[in-house]
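Here our numbering is used: position 169 in the sequence shown is 166, and no number is missing along the way.
Backbone N, C-alpha and C define an ideal beta-carbon position, used for all residues, glycine too.
Just so you know, these numbers come straight off a predicted model, no measurement behind them.
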Amino acid sequence: MTGSIKIIDTQFHVEAGYNGGNMPREQHDAFYKELKEVFTEKGFRYEERENGCPDVVLGKTCLYCHPTCLSGPVKETHFPVLEQILSNGKSFRLYSLDKHNELQDFTADEELEYYRSCTESVENDLLVAFKTKRSNLFKLKGEILELEAVKIHVPTIRTPYMSGYASIPRQFINEVYKNMVQKRHLIESSKAMGIQTIPLCRTANQKELRLLE
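This is the structure:
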């Protein structure tokens, strides 16, 4: 999945005078003035947002510049220049660097295609997860599908973390689930809880599977 140069989800923690949501205007202006100067001098673009803090960008590296933390995807080869820039600040002090997940440079279509290459493995996971001892026992559909989506999620530049109901891992897991229900490898049910209806599911037992042959 990875190329020769890695992209890492990164946080550069800085102290710039920001305290509990407040920052003196003078310190605020000095911080962003210095960031703009030092980063553009090293070839980065300084991109202001209509809402929120600015970004500094160079290729696949894109850091969101909050006065407590500069965070985002960083191309591995950019770490030396970033550490040099941030270690020599006049209006701020770098005190910590956290490197998290390696990020894949997938488009949405490429990410979905990657998950589809894992279909057989996911089907096996769901068969095990939904298995019950008796045909009148069922498991919570949503809980198991969510656990599987989290398990297969690959951090990308676009989506380093799982977020949103319509995320691609969830989309894929629902796609696999619906196909397994259609093939009768999974059996659906539900139960009423107050005004809610809770979706349930279990794996088809051997007798039910033989009837499909």
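Of the residues Thr194, Ile2, Lys136, the one whose Cα lies closest to the Cα of Glu99 is Ile2.
Counting C-beta pairs with one atom in each stretch, the stretch 149 to 158 and the stretch 200 to 209 have fewer than three that are closer than 8 Å, which means they do not touch.
Within the DSSP bridge table, the entry for Arg42 names Val54 as partners. Comparing C-alpha distances from Gly49 to each of Tyr61, Gln101, Lys39 shows the shortest one belongs to Tyr61.
Counting of Cβ neighbours within 10 angstroms places Val119 among the buried residues, the total reaching 16 or more. Less than 8 Å separates the beta-carbon of Ile82 from that of Phe36. By a beta-carbon distance limit of 8 Å, Lys72 contacts Ile4. Their separation comes to about 6 Å. Proximity to Asp122 across Gln179, Tyr158, Leu183, Asn19 peaks at Leu183, based on C-alpha coordinates. Close CB contacts of Ile170 within its chain, under the 6 Å cut and outside five residues either way in sequence, are with Leu142, Glu145, Ala146 (chain order). The continuous beta strand (DSSP E) containing Phe9 extends over residues 4 to 12.
By the criterion of a C-beta distance shorter than 7 Å, His75 is surrounded in its chain by Leu55, Thr58, once the five residues flanking it on both sides are discounted. Leaving aside the five residues that flank Phe135 on each side, the residues in its chain whose CB is nearer than 7 Å to its CB run, in chain order, Thr129, Ser186, Leu197, Cys198, Arg199.
Cα atoms of Tyr15 and Thr194: separation of roughly 47 Å, rounded to the nearest angstrom.
If you compare the alpha carbons of Lys30, Arg207, Met190, Ala105 with that of Arg167, the shortest gap goes to Ala105. Shown here, Leu144 sits in a helix according to DSSP, grouped into three states.
Approximately 15 Å separates the beta-carbon atoms of Pro157 and Asp52; this is outside 8 Å, ruling out the contact. By the neighbour-count criterion, in which 16 or more other beta carbons inside 10 Å mark a residue as buried, Gly69 falls on the buried side.
Judged by their CB atoms, Phe89 and Glu12 are nearer to each other than the 8 Å cut-off.
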